[in-house]
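In the working numbering, the protein residues as written are 150 to 324. Note that the Cβ used here is the ideal one computed from N, Cα and C, for glycine as well. Presented below is the structure to which this report refers.
Encoded structure:
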């Protein structure tokens, strides 16, 4: 007796479509999460960022709001189609994946780079003798009149922008 005759006719045609739905669900979930994570992984402080990688990150970052929304809606539709046919533990996988894809869709709409690279509004300065900078530490220096300021590159690379006043003049120091 062939294996295909063991299943009633309705079940014979459902088996391949379930695997197709799972594949589509996985692909949509992967796409939605990747659109958020790839730019976040590439654009990091204190790490070399090549021009091609940066172009990829910025391209994905521009397309992420719409792409993650489409992926989240597709995942929701596919999860609803799969819901009645799967066991309890697979339902928990569906829900967990939907939460991750939904989180990615929300995060793709926020400027999370601002959280990492927020400007310093109130810098604090120490006298050179009191500073604990290594002698090989690179600094950026600004002199306005008789007043001089030094900004460690290690801090500027992380924050990128520092608002300060030097010699009575408001300045924005950037790296």
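Where residue i falls: helix, strand or coil (DSSP)
i	result
residue 288	strand
residue 167	helix
residue 176	helix
Residue i, enclosing alpha helix (DSSP H) - first and last residue
i	result
residue 255	237 to 256
residue 206	200 to 232
Bridge-paired residues (DSSP) for residue i
i	result
residue 183	DSSP output for residue 183 lists no bridge partner at all.
residue 323	310
residue 315	318
residue 300	289
Other residues of its chain near residue i: CB distance less than 8 Å, five sequence neighbours each side excluded
i	result
residue 262	192
residue 167	231 and 234
For residue i, the first and last residue of its enclosing beta strand (DSSP E)
i	result
residue 193	Premise fails: residue 193 is in no beta strand (DSSP E) and is neither H nor E.
residue 272	Where residue 272 is concerned, there is no enclosing beta strand (DSSP E), given that its DSSP letter is neither H nor E.
residue 278	Segment: none, residue 278 is in no beta strand (DSSP E) and carries neither H nor E.
Beta-carbon proximity list for residue i, same chain, < 6 Å, skipping 5 on both sides
i	result
residue 259	none
Proximal residues to residue i (C-beta, below 7 Å), its chain only, five neighbours per side dropped
i	result
residue 318	293
residue 214	257 and 258
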